[in-house]
Amino acid sequence: MQTLQNIEPEEVQDFFKHICLVINEHKEREKAKDELKKQIKKIKTAPKKWILDKEVNELHKTVGNVLHTETKLLKYKDDTKLIKKLNGKIKFLEGRLAKIKREKDKALFENRQQI
Numbered sequence: 005m006q007t008l009q010n011i012e013p014e015e016v017q018d019f020f021k022h023i024c025l026v027i028n029e030h031k032e033r034e035k036a037k038d039e040l041k042k043q044i045k046k047i048k049t050a051p052k053k054w055i056l057d058k059e060v061n062e063l064h065k066t067v068g069n070v071l072h073t074e075t076k077l078l079k080y081k082d083d084t085k086l087i088k089k090l091n092g093k094i095k096f097l098e099g100r101l102a103k104i105k106r107e108k109d110k111a112l113f114e115n116r117q118q119i
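Offset between the sequence shown (1-based) and our numbering: plus 4.
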C-alpha cells in the first residue's frame, strides 16, 4: 500500500484530468441528445414538403452528431486497465484519508482529555 508521501502529484493530476474529460464527454452527449429531440419535434410540426425535406436533412446531421458523441464515450469503456488503476488509487486515497481522520480525531480527544 502506498503512503501519502509516495503519491505522485502527476498521477493525481492525471486522475482528475480523466474525470474532467469523461464529464465533458457526457455533457456533450446529453447536448446532442437534446438537439436530436428538438429536431424530431420540428419534423413533427413541419407543414410542407419542402420544409420537411430541410428538417430531415437537419435531422440527419443531428443523428450523426449523437452517434459521434456516443463513439467518443465508447473509447473510455475500452480503457479498463486505466479504470482499474484509478479505482485502486481512489480506494487507497479514501483509506488514507480515513486513517488521517482517525488519527486527527484521536489527537483531538487526547488533547481534550489533558485540558
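C-beta atoms are modelled at their ideal positions from N, C-alpha and C, and glycine is treated no differently.
Because the structure is a prediction, the values reported are computed rather than measured.
The alpha helix (DSSP H) with LYS115 in it runs from where to where?
-> Residue mapping note: residue 115 aligns to position 111 of the sequence shown, counting from 1. Correcting the residue identity first, residue 115 is Asn in this sequence and not Lys. Element bounds for ASN115: 84-118.
Would you kindly check if the distance between the Cβ of LEU40 and the Cβ of VAL70 is under 8 Å?
-> Sequence index remark: in the sequence shown, residue 70 carries index 66 (1-based). Sequence index remark: in the sequence shown, residue 40 carries index 36 (1-based). Closer than 8 Å, so yes.
ASN28, enclosing alpha helix (DSSP H) - first and last residue = Position 24 of the sequence shown holds residue 28. Taken as a continuous stretch (DSSP letters only), the alpha helix (DSSP H) holding ASN28 covers 13-49.
Would you decide whether THR66 is buried or exposed? Buried here means 16 or more other CB atoms lie within 10 Å of its CB.
-> Looking up residue 66 in the sequence shown gives position 62. THR66 comes out buried.
Can you list, in chain order, the residues of its chain whose CB lies under 6 Å from that of ILE11, leaving out five sequence neighbours each side?
-> Along the sequence shown, one-based indexing puts residue 11 at 7. Cβ neighbours of ILE11 beyond the five flanking positions: none.
Classify ALA102 as buried or exposed, calling it buried when 16 or more other Cβ atoms lie within 10 Å of its own Cβ.
-> Your numbering for residue 102 matches position 98 in the sequence shown. So ALA102 counts as exposed.
Could you name the residues of the same chain whose beta carbon sits closer than 8 Å to that of GLN43, not counting the 5 residues immediately before and after it, in chain order?
-> For the purposes of this step, residue 43 is taken as residue 39 along the sequence shown, with counting starting at 1. Closer than 8 Å at Cβ, skipping near neighbours: GLU59, GLU62, LEU63 and THR66.
Roughly how far, in whole angstroms, is the beta-carbon of HIS30 from the beta-carbon of LEU90, given that I think they are within contact range, below 8 Å?
-> On the sequence shown, residue 30 is found 26 positions in, with the first residue counted as 1. On the sequence shown, residue 90 is found 86 positions in, with the first residue counted as 1. Wrong, their Cβ atoms sit about 16 Å apart, outside the cutoff.
Reference LYS79; option with closest CA among VAL16, VAL26, PHE20 and ASP18 | Here residue 79 is taken as the residue at index 75 of the sequence shown, counted from 1. The candidate whose alpha carbon is nearest that of LYS79 is VAL26.
Find the nearest neighbour of THR75 within the set PRO13, GLN17, PHE20 and GLU32, judged by alpha-carbon distance.
-> As a working note, residue 75 is residue 71 in the sequence shown. With distances taken between Cα atoms, THR75 lies closest to GLU32.
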